[in-house]
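J.:
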Amino acid sequence: MSNDLQNSFAYNGLTASVPGLPAAWYFDPVQHAREMATLWRNNWLYVARSEGFSKPGAFRTLTIGDQNYLVVRGRSGSLHGFHNTCRHRGSLLCEAVEGQLGTSGRIVCPYHQWTYDAEDGGLLRTSSFVEPEGFDKSLYGLFQVAIVEWRGCVFLHPDFDTPWDANNVFQRPADNFANFPLETMVVGHTWHTEMSCNWKTFWENFNECLHCPAVHPELTDLVPLYGRRIIHPRDVPDWTDHVQSNDPRYRGGLRDGAETWSVDGSVQGHAIQSLTSEELARGQTYASTWPSVFIAGYADHVRIVTLRPLGPERTDLVAEWLFPPETLADPSYKLENVVDFGRLVMEQDAKACERNQRGLHAAPLKAGVLMPEEYLLERFHNWIRAGIDH
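Heads up, the sequence shown is in our numbering, so the first residue is 4 and it goes up one at a time.
(1) Taking the continuous alpha helix (DSSP H) assigned at residue 289, which residues delimit it?
(2) Please go through the segment 124-181 and give each complete beta strand (DSSP E) segment of 3 or more residues, from N-terminal end onward.
(3) Taking just the CA atoms, how far does residue 345 sit from residue 333?
(4) Assign residue 135 to buried or exposed, taking buried as 16 or more other Cβ atoms, counted over all protein chains shown, within 10 Å of its Cβ.
(5) Using the rule of at least 16 other Cβ atoms within 10 Å of the residue's Cβ for burial, across every protein chain shown, is residue 92 buried or exposed?
(6) Taking its Cβ as the centre, do 16 or more other Cβ atoms sit within 10 Å of residue 329, making it buried, or is it exposed?
(7) Under a Cβ-count criterion, where at least 16 other Cβ atoms within 10 Å of its own Cβ denotes burial, should residue 20 be classed as buried or exposed?
(8) Roughly how many angstroms separate the alpha carbons of residue 67 and residue 153, rounded to a whole number?
(9) Can you find the residues in the same chain that come closer than 7 Å, C-beta to C-beta, to residue 369, ignoring five residues on each side of it along the sequence?
(10) In the structure shown, what three-state DSSP assignment does residue 34 receive?
(11) Quick one: Cα of residue 43 to Cα of residue 380, how far?
(12) Considering residue 67, what are the terminal residues of the beta strand (DSSP E) in which it resides?
(13) Would the beta-carbon of residue 315 fall within 9 Å of that of residue 31?
(14) Across which residues does DSSP place residue 71 in a beta bridge pair?
(15) Identify, in the order they occur along the chain, each residue of the same chain with its Cβ nearer than 6 Å to the Cβ of residue 125, setting aside the five sequence neighbours on each side.
(16) Once DSSP output is grouped into helix, strand and coil, what is the label at residue 49?
(17) Do residue 95 and residue 60 have their CB atoms nearer than 9 Å?
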């Protein structure tokens, strides 16, 4: 390894003791409300895959805390988003999680039948025989939210005027997925679970691997580096001593002979052809955007994991497995080989997070402390502090 290369990369770990967030922030209702009013209203949120809005009039609703949003495919083919509230007296417009607008393609309030244009949310008509003097329909359109379709993924921002910039939205770079055919991949399986933990507890677990040997024996067998309790080769001070090693415990990647995250490690002959040899050897690729979603890419599939708070100590998790259409069209391809492994890892994580959550209530515990390998947790905590003080 050249000196130039050595100098261009640094040890990742923390070099000083850093306290964690206050323990009460993981269960206090006041703190939870504060986070919902800031972090979850001032950032881009993942909604669904574009394929869920297959034709004009297709809609989905998204509930985040006490806020409800409505996303609709307009007659022009574009997606539009609104606060899911009627401008008359505030009724929900659509209660279903997903569905199809009526044949008119308009949004009709089920309470008093106020009718809106799905393109721009403009009020088309009320149900009154006579509208009062001075009533201007143009002032009573739906409240709009920002919507973007990024590579087949739909994102929403509660502030309609917020511009989209993937380079700033993702903490782990979106460019990591440049060679994945995200636009054309389709959902082959969806899994949902409700966890008895704070949403931050799960994100913290995702951003470290100190827990991996004890919690994920199957995963640490597949990804030997994780068995060393680290997520990157530079997470240990002496990483340069092993930079030429071909041992997956030091270089990263999957165990020898394995190709993907699955029960047997096999891609079953369906590796994504657009990936480079380096990407295939890496084994896993990540992009994430707090607070709502991370995307994980593998040699033959992509997994999108979404978090949505249900309360201070309850979090909804939805996982979607994406595959190239030709993979799903192959009757010999065993979907469960991939799904069962990913689900096992997430179930193990959920159990660990729920155990962590219960322990946070101990009266003497004011805050935890971060270890050197938990540098991503420090970044997460700094993001939280900055976001709620904004």
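Ideal Cβ placement from N, Cα and C applies to all residues, glycine included. Everything numeric in this text was worked out from a predicted model, so none of it was measured.
T.: By the coordinates alone:
(1) Note, residue 289: premise wrong, no alpha helix (DSSP H); beta strand (DSSP E) at 288-292.
(2) Qualifying beta strand (DSSP E) stretches, in chain order: 126-128, 147-153 and 156-160.
(3) Taking the straight line from one Cα to the other gives about 21 Å.
(4) Residue 135 comes out exposed.
(5) Classification of residue 92: exposed, given that the 10 Å Cβ count is below 16.
(6) Answer is exposed; the Cβ neighbour count stays below 16.
(7) Exposed, by the Cβ-count rule.
(8) One Cα belongs to residue 67, the other to residue 153, and the distance between them is close to 21 Å.
(9) The beta carbon of residue 369 lies closer than 7 Å to those of 25 and 26 in the same chain, with the five residues before and after it left out.
(10) It is helical.
(11) C-alpha of residue 43 to C-alpha of residue 380: approximately 18 Å in a straight line.
(12) First-last of the beta strand (DSSP E) with residue 67: 61-67.
(13) Contact flag set, yes.
(14) Answer by DSSP bridge pairing, in chain order: 66.
(15) Taken in chain order, the residues that qualify are 144.
(16) In the structure shown, residue 49 sits in a strand (DSSP, three-state: E or B).
(17) Against a cut-off of 9 Å, the Cβ pair of residue 60 and residue 95 comes out as no contact.
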